[in-house]
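Data first, discussion second: the structure below is written as structure tokens.
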Amino acid sequence: MPADPIQPWPLVERPSRLFPVRPLQQLLRARGHPVAVDGIFGPQTESAVRAFQRSRGLPADGIVGPQTWPRLVVQVKRGSSGDAVRAVQEVRKFHDLSDGEGPPFEVDGIFGAQTDRWVRGFQAAVGTPADGIVGPITWRAMVSGMLAG
0 MPADPIQPWP
10 LVERPSRLFP
20 VRPLQQLLRA
30 RGHPVAVDGI
40 FGPQTESAVR
50 AFQRSRGLPA
60 DGIVGPQTWP
70 RLVVQVKRGS
80 SGDAVRAVQE
90 VRKFHDLSDG
100 EGPPFEVDGI
110 FGAQTDRWVR
120 GFQAAVGTPA
130 DGIVGPITWR
140 AMVSGMLAG
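Using numbering that gives the first Met the number 0, read the sequence shown as starting at 0 and increasing by one per residue.
Spelled out as structure tokens, the structure:
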């Protein structure tokens with residue numbers, strides 16, 4: 000069996016201000032844990048992570064790692080909407096290398112044609128099936144920072 004080409008789930012914890020805190024915050028919101036999407040893994044985000052972990056029978060350590068991520072991610076695809084789509088769009092915004100060329104990219108929570116094109120391109124670039132469905136493998140590639148500058 001070939002080696003897994005996708006990087007492992009990242010460890011994200013307080014006091015991080017680095018990627019993927021914003022997508023993590025959107026996913027917490029998608030799972031019913033309202034937090035500010037400010038890119039700061041502070042006390043509010045840590046508390047929401049602990050509450051999520053408790054709700055899923057996980058050790059409530061406040062650290063988002065390989066046990067928490069798979070339960071936190073939400074599968075989305077074209078036609079989906081909401082905070083989980085915003086999380087995908089936050090990843091896209093992080094990867095945006097356009098230097099302001101072209102129209103600005105909106106984090107609007109609507110998985111339309113533009114988001115679908117980006118997801119399929121991302122999937123092809125990391126070597127996964129480019130089906131436009133953001134499931135666990137695509138999420139892992141996205142939040143691990145694959146293809147980041």
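Beta carbons are placed, not taken as given, at the ideal position from N, Cα and C, and that holds for glycine.
Distance between beta carbons of residue j and residue i, contact taken as under 8 Å
{"i": "G61", "j": "L10", "result": "Not quite, the Cβ-Cβ distance comes to about 11 Å (not below 8 Å), so this is no contact."}
{"i": "A86", "j": "P22", "result": "4 Å"}
{"i": "G41", "j": "P14", "result": "7 Å"}
{"i": "W117", "j": "R91", "result": "5 Å"}
{"i": "R55", "j": "D115", "result": "Going by Cβ atoms, the distance from R55 to D115 rounds to 29 Å, so no, they are not a contact pair."}
{"i": "A112", "j": "R119", "result": "Between R119 and A112 the Cβ distance is about 11 Å, and since that is not below 8 Å, they are no contact."}
Own chain, CB closer than 7 Å to residue i, minus 5 neighbours either side, in chain order
{"i": "Q43", "result": "V34, A35"}
{"i": "S80", "result": "G108, I109, F110"}
{"i": "D95", "result": "F104"}
{"i": "F51", "result": "L27, R30, H32, L71"}
{"i": "A59", "result": "R49, Q52, R53"}
{"i": "K126", "result": "The residue you asked about is not Lys; residue 126 is Gly in the sequence shown. Around G126: P4."}
Same chain, Cβ closer than 6 Å to residue i, five either side skipped, listed in chain order
{"i": "E12", "result": "I62"}
{"i": "P7", "result": "none"}
{"i": "S46", "result": "none"}
{"i": "D82", "result": "Q25, R28, A29"}
Contacts around residue i, its chain only, beta-carbon distance under 8 Å, and the 5 residues preceding and following it disregarded
{"i": "M0", "result": "Bear in mind that the predicted position of M0 carries a pLDDT of just 44, short of 50, making it too unreliable to give a figure here."}
{"i": "V136", "result": "The residue asked about is misnamed: residue 136 is Ile in this sequence, not Val. Excluding residues within five positions, the ones whose Cβ falls inside 8 Å are I5, T127."}
{"i": "G131", "result": "K76, R77, D115, V118, R119, Q122"}
DSSP beta-bridge partners of residue i
{"i": "I109", "result": "S80"}
{"i": "V142", "result": "DSSP, once it has assigned bridges, lists no residue as partnering V142."}
{"i": "V133", "result": "V75"}
Contact test: residue i Cβ vs the ligand ADP heavy atom, cutoff 8 Å
{"i": "P22", "result": "Only the bare structure without any ligand can be found here, which leaves the ligand ADP out of the picture."}
Could you tell me which uninterrupted alpha helix (DSSP H) segments, each at least 4 residues in length, are contained entirely in the region 4-77, listed from first to last along the chain? 20-29, 42-54, 68-71
Stretch-stretch touch, CB-based, cutoff 8 Å, three pairs: the region 13-23 with the region 135-145: yes
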